[in-house]
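Residue numbers (my numbering): 42 to 375.
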């Protein structure tokens, strides 16, 4: 488990907001509004999703992720990147979910930095492809990079994902995983990008702090129900005040994910108090943002501290990928 770090910048681009402030306030106001797409499911019905209307519906794949990520990266690094030189970037990206889906390519981080006008230290940057839990792994690597001998004053950690792609939606529909009539175990697909800037103590005034981060892997033999998820949540909770005052799980409408989260809470009764632990599910306001989940939760919590609407001074975020990867991290007011 990695502990402690300062957050000196935050940026977010979502279907409900153009920047971190607007996104956080609209999410808080509960303004979820799925819209119809031009795609149809196997029964001929129109597929709905939550998507950024500022981006043309025809834009998909690699280009759409760049359109989502660029403004969020610019926002997060505003006033920091230009003054500090090239910055290492640790970015949570989605795995390829369908054969027809366009690969992001090995130059994605380079192209993102150039599009955003942010100097990225490519030699020390890394794309993390673990799905929902990817941000926790990226955050741990970012904190380690910041603490390494000879490291610069800042690193950037983020995530970006979009389900608005015909190939992705078709693959999800084939598995009956899209929220629709007759699909009792589906979720609402969405998209987003978010970034946080981790900085040394004297690099920039902090807007939040990283308390702890942990990662783990579930066994894939079918004998385990949330053991790794329970372990990483408990490890991070141990670095927080007890009971955990505020928790943000990345569960969506799928039964197996809700079930796993229920097991995590039950097993961690010492950390999660039914009466005192406030639970916020951003999925209910935004839909499922995949590999961007952790970054969006981090940005939301940071803005909640900054704008004064956080229900507690510390927040625990839990992340569960479609595969075995699990993660958790905690952030607090500065």
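All residues carry an ideal CB built from backbone N, CA and C; glycine is no exception.
This structure is a prediction, so every number in the text was calculated from the model and none was measured.
Buried or exposed, going by whether 16 or more other CB atoms sit within 10 Å of the CB of residue i?
| i | result |
| --- | --- |
| residue 232 | buried |
| residue 350 | exposed |
| residue 142 | buried |
| residue 297 | exposed |
| residue 53 | buried |
| residue 307 | exposed |
| residue 140 | exposed |
| residue 194 | buried |
| residue 93 | buried |
| residue 45 | exposed |
| residue 83 | exposed |
| residue 179 | buried |
| residue 213 | buried |
| residue 147 | exposed |
| residue 65 | buried |
| residue 348 | exposed |
| residue 335 | buried |
Find the nearest neighbour of residue i within the set the options, judged by alpha-carbon distance.
| i | options | result |
| --- | --- | --- |
| residue 251 | 183, 82, 211 | 183 |
| residue 320 | 353, 297, 332, 294 | 353 |
| residue 238 | 100, 91, 121 | 121 |
| residue 215 | 135, 348, 85, 174 | 85 |
| residue 177 | 165, 236, 314 | 236 |
| residue 144 | 162, 95, 209, 112 | 209 |
| residue 341 | 234, 280, 76 | 234 |
| residue 88 | 95, 97, 204, 317 | 204 |
| residue 127 | 110, 299, 295, 154 | 154 |
| residue 371 | 69, 181, 94, 105 | 181 |
| residue 244 | 344, 118, 175, 159 | 118 |
| residue 198 | 91, 185, 103, 315 | 185 |
| residue 230 | 104, 295, 164, 151 | 295 |
| residue 90 | 328, 165, 348 | 328 |
| residue 149 | 325, 105, 285 | 105 |
| residue 102 | 279, 207, 259 | 207 |
| residue 330 | 63, 293, 76, 279 | 293 |
Who are the Cβ neighbours of residue i in its own chain at under 7 Å, not counting the five residues just before and after it?
| i | result |
| --- | --- |
| residue 261 | 365 |
| residue 301 | 266, 267, 270, 361 |
| residue 338 | 289, 291, 323, 358 |
| residue 273 | 255, 256, 257, 367, 368, 369 |
| residue 137 | 144 |
| residue 108 | 96, 100 |
| residue 116 | 52, 60, 61 |
| residue 69 | 350 |
| residue 162 | 127, 128, 129 |
| residue 165 | 129, 186 |
| residue 314 | 284 |
| residue 190 | none |
Can you give me the Cβ contacts of residue i inside the same chain, cut-off strictly under 8 Å, excluding the 5 residues immediately before and after it?
| i | result |
| --- | --- |
| residue 247 | 47, 48, 49, 240, 375 |
| residue 283 | 311, 312 |
| residue 304 | 266, 267, 270, 271 |
| residue 78 | 87, 88, 89, 90, 92, 98, 205, 210 |
Within 7 Å of any Cβ in chain C, is that where the Cβ of residue i sits?
| i | result |
| --- | --- |
| residue 146 | Reference to chain C is not applicable here, since this structure consists of a single protein chain. |
Determine the extent of the beta strand (DSSP E) in which residue i is found, giving its start and end residues.
| i | result |
| --- | --- |
| residue 252 | 249-258 |
| residue 362 | From DSSP, residue 362 is part of no beta strand (DSSP E); its letter is neither H nor E. |
| residue 90 | 87-90 |
| residue 133 | 130-133 |
| residue 236 | 232-240 |
| residue 167 | 167-169 |
With DSSP as the reference, identify every bridge partner of residue i, one or two as the case may be.
| i | result |
| --- | --- |
| residue 287 | 319 |
| residue 161 | 128 |
| residue 426 | It is not possible to answer for residue 426, since the shown part of the chain is limited to 42 through 375. |
| residue 47 | 240, 250 |
| residue 58 | 55 |
| residue 219 | 228 |
| residue 192 | Residue 192 pairs with nothing; no bridge assigned. |
| residue 367 | 257, 361 |
| residue 172 | None, per the DSSP bridge assignment. |
| residue 372 | 251, 356 |
May I ask which residues mark the beginning and end of the alpha helix (DSSP H) holding residue i?
| i | result |
| --- | --- |
| residue 335 | 334-348 |
| residue 203 | Here residue 203 belongs to no alpha helix (DSSP H); instead the beta strand (DSSP E) covers 195-203. |
| residue 156 | 149-157 |
| residue 311 | No alpha helix (DSSP H) holds residue 311; DSSP gives it neither H nor E. |
| residue 176 | 175-188 |
| residue 112 | 102-118 |
| residue 215 | 207-215 |
| residue 292 | Where residue 292 is concerned, there is no enclosing alpha helix (DSSP H), given that its DSSP letter is neither H nor E. |
| residue 278 | 268-278 |
| residue 325 | 324-327 |
Quick one: what's got a C-beta closer than 6 Å to residue i's C-beta in the same chain, skipping five residues either side?
| i | result |
| --- | --- |
| residue 287 | 319, 352, 353, 356 |
| residue 67 | 57, 58 |
| residue 346 | 249, 374 |
| residue 332 | 133, 134, 135, 172, 175, 200, 202 |
| residue 112 | 54 |
| residue 123 | Bear in mind that the predicted position of residue 123 carries a pLDDT of just 48, short of 50, making it unreliable; the figure below should be weighed with that in mind. Taken in chain order, the list of residues that qualify is empty. |
| residue 110 | 153, 201, 234 |
| residue 363 | 172 |
| residue 226 | 295, 296 |
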